[in-house]
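According to our numbering, the sequence shown is numbered sequentially starting from 19.
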Amino acid sequence: MKPKYQVIIDDIKSNILSGTYKASEQIPSESALQDSYNVSRQTVRKAILELSNEGFLRSERGSGTYVSSQYRSRSGRETKKTIGVITTYISDYIFPSIIRGIESRLNEDNYSLLLASTNNDIAQEKKALEMMLSYGVDGLIIEPTRSNEYNPNIAYYLAFREQEVPFAMINAYYEELEVPFFCLDDVQSSYLATKELIAKGHTQIGIIAKMDDLQGKYRMKGYIKALGEAKLRFHSEHVLSFDTATKSLLSANLEGFLNDNRDGLTALVCYNDEVGLEVVHVCRRLEISIPDELSVIGQDNSYIAKNANIKLTTLTHPQEQMGRDAADWVIKNLQGKKDLPTSTYYQPVLIEGETVKEIQVKPS
19 MKPKYQVIID DIKSNILSGT YKASEQIPSE SALQDSYNVS RQTVRKAILE
69 LSNEGFLRSE RGSGTYVSSQ YRSRSGRETK KTIGVITTYI SDYIFPSIIR
119 GIESRLNEDN YSLLLASTNN DIAQEKKALE MMLSYGVDGL IIEPTRSNEY
169 NPNIAYYLAF REQEVPFAMI NAYYEELEVP FFCLDDVQSS YLATKELIAK
219 GHTQIGIIAK MDDLQGKYRM KGYIKALGEA KLRFHSEHVL SFDTATKSLL
269 SANLEGFLND NRDGLTALVC YNDEVGLEVV HVCRRLEISI PDELSVIGQD
319 NSYIAKNANI KLTTLTHPQE QMGRDAADWV IKNLQGKKDL PTSTYYQPVL
369 IEGETVKEIQ VKPS
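What follows is the structure, given as C-alpha cells:
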C-alpha cells in the first residue's frame, strides 16, 4: 500500500497533468486536503513540498499553494527534441517492426525516442501519458488502449492539445477525438479474408473477433460485408468473441467453440495471426485436420505466421512503414509543415499459405 503522502502527490499530479488544475490556479487548502484524505497537516505539507521540488506547485506565504508549470521546463534537458511513443505492447507480435520504423525515421532527423507500453490497460495508459506530460515530450505517437470502449484518459490528450504538442495515432484511434491516424484498412482486411474463403467454396464461415479494440470492430464489419455480398447468412453461433480481459481463456473457449461447431463450420476468419495459430494448436489437440477439415485465415502477416510449423494464410499489415509514416507526420508538424494528412489507410493484400483448402460445393 502506498504511503498517504504519496497518494496525495499522485492525485494532485494527475489533476495538474490532465488539466483539472490549471497553471497558476490555487489548489485546495492544507486543511481541506487534511479533511479529504483524513491525514495530518505534516503529511499534507510533505506532499506539497515534494510536488514543489518537482516543479508542480509553488507556495506563497499567507496566500496559499498554486499550480506551477516549471515541471514542463526543458532547460535541464538535451537540446534535441524528444518524441514519445506509447504502444499497447513493445516486444510482442508486430510491435517491434512498428517501433523500428518509428525509430529509423526519428534517427534521420536526430530526434530522441521515449517509449512506454500500456498492456492494453487503461490505468497503465494513464501512467504513460502522465510520464510523457511530466517529461515534456515535443510530439507523441500513440496506439490507443481498448479503442472500442470509452476511455477515461481523454483529458490527458486534450492537455497535450492545449500545450500544442502534436500527436498522431497508429492502428486505431479514439472516435471521440479528431486526431490524425495511420491505420490498416481493417474492414477490407477481414473482407478479403472472407472473400477468399467464399471463392474457395466455403459457405459455413466463422470468425474469432476481439471486441474491445477498434480493429476488431472493423474486422467484424468486413466479415459481415463479405457474407452479405455473397448472400450467405450470418450465424451468431459462428462468432467467438473475446477481449483483453478474457484473452487468457481463449484456448479453452476455442476448444468448446470448435467442438460445438465441428459438423457445421468449414472455415474461420481470425482476428489476427496470433489467434490463427492458437486455432491451429487447439485443432491439433482436437484432432481436427487443417486445412482438410477446417480452413483458417489470420491477419497482419506477422513474424509468427512466417515462422510457424504451418504457413498461415494471412493478409499484409504495413508495420514498419506505418511507424515511419507516423514519425514523419510528427516531425513535419513540428517543422511547421501545413496540409498534412488527417487519415492514412493502408490496403491489405492476401498472402497464400497452407491453411486454406478449396472445397467442392455440394449440389442443392
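For each residue, glycine too, the CB sits at the ideal point set by N, CA and C. Keep in mind it's a predicted model, so treat the numbers as computed, not measured.
Three-state secondary structure assigned by DSSP to residue i
| i | result |
| --- | --- |
| ALA44 | At residue 44 the sequence reads Gln, which differs from the Ala that was named. GLN44: strand per DSSP, three-state reduction. |
| ARG76 | strand |
| VAL25 | helix |
| LYS228 | strand |
| PHE200 | strand |
| LEU151 | helix |
| MET19 | coil |
| ILE322 | helix |
| ALA285 | strand |
| PHE178 | helix |
| ALA17 | Given that the chain is displayed from residue 19 to residue 382, the structure contains no residue 17 and the question cannot be resolved. |
| SER361 | strand |
| TYR84 | strand |
| ALA190 | coil |
| GLY102 | strand |
| THR332 | strand |
| PHE275 | helix |
| SER58 | coil |
| GLY157 | strand |
| SER259 | strand |
| LEU215 | helix |
| ILE369 | strand |
| VAL293 | helix |
| PHE113 | helix |
| SER93 | Below a pLDDT of 50, predicted positions are generally treated as unreliable, and SER93, at 42, falls in that range; no measurement from the model is reported. |
| SER207 | helix |
Residue i, buried or exposed, once every other Cβ within 10 Å from all chains shown has been counted against 16
| i | result |
| --- | --- |
| ILE159 | buried |
| SER382 | Bear in mind that a pLDDT of 49 at SER382, under 50, signals an unreliable position, so the number given afterwards is only what the model happens to contain. Classification of SER382: exposed, given that the 10 Å Cβ count is below 16. |
| ILE117 | buried |
| VAL297 | buried |
| MET238 | buried |
| GLU255 | exposed |
| THR264 | exposed |
| TYR241 | buried |
| PRO359 | exposed |
| TYR209 | buried |
| LYS355 | exposed |
| SER320 | buried |
| PRO170 | exposed |
| VAL183 | buried |
| SER47 | exposed |
| LYS40 | exposed |
| ARG302 | exposed |
| LYS31 | buried |
| ASN351 | buried |
| LYS144 | buried |
| GLN337 | buried |
| ALA270 | exposed |
| LEU51 | buried |
Whole-Å CB distance - residue i paired with residue j, under 8 angstroms assumed
| i | j | result |
| --- | --- | --- |
| GLU68 | TYR89 | Not confirmed; about 12 angstroms, so no contact. |
| VAL314 | THR373 | 4 angstroms |
| ASP203 | GLN365 | 6 angstroms |
| ILE172 | GLU194 | 6 angstroms |
| SER362 | PHE200 | Correcting the residue type first, residue 362 is Thr in the shown sequence and not Ser. That belief holds up - the Cβ atoms of THR362 and PHE200 are roughly 5 angstroms apart, short of 8 angstroms. |
| ARG76 | SER86 | 4 angstroms |
| ILE34 | PHE74 | 6 angstroms |
| THR334 | LEU312 | Actually they do not touch by this definition, with Cβ atoms about 23 angstroms apart. |
| ASN277 | LEU304 | 7 angstroms |
| GLY157 | GLN222 | That pair is no contact at about 48 angstroms. |
| VAL287 | ALA211 | 5 angstroms |
| GLU376 | LYS218 | 4 angstroms |
Nonlocal neighbours in the same chain, by C-beta distance under 6 angstroms from residue i, ignoring five residues either side
| i | result |
| --- | --- |
| VAL197 | MET187, TYR191 |
| TYR174 | SER36, LEU147 |
| GLY341 | ILE116, GLY119, ILE120 |
| ILE349 | ASP127 |
| LEU232 | SER165, ASN166, ALA190 |
| ALA323 | ASP291, GLY316, LEU330, THR332 |
| HIS181 | Per the sequence shown, the amino acid found at residue 181 is Gln instead of His. Within the same chain, GLN181 has no close Cβ partners at all. |
| ASP343 | PHE200 |
| GLU161 | THR105, THR106, ILE188, ASN189 |
Proximal residues to residue i (C-beta, below 7 angstroms), its chain only, five neighbours per side dropped
| i | result |
| --- | --- |
| LYS228 | GLY234, PHE260, ASP261, TYR289 |
| MET149 | ALA134 |
| VAL257 | GLY224, ILE225, ALA227 |
| ILE66 | LEU75, SER77, THR83 |
| VAL155 | THR100, ILE101, GLY102, LEU132, VAL183 |
| TYR236 | ASP204, VAL205 |
8 angstroms Cβ shell around residue i - same chain, five flanking residues per side excluded
| i | result |
| --- | --- |
| LYS98 | ASN128, TYR129, SER130 |
| GLY274 | none |
Would you call the segment 237 to 247 and the segment 307 to 315 touching, i.e. three or more CB-CB distances under 8 angstroms?
no
Q: Please confirm if the segment 128 to 144 is in contact with the segment 100 to 112, defined as three or more CB-CB distances below 8 angstroms between the two stretches.
A: yes
Report task. Specify whether the segment 51 to 71 and the segment 19 to 36 touch according to this definition: at least 3 beta carbon pairs, one from each stretch, less than 8 angstroms apart. Result -> yes
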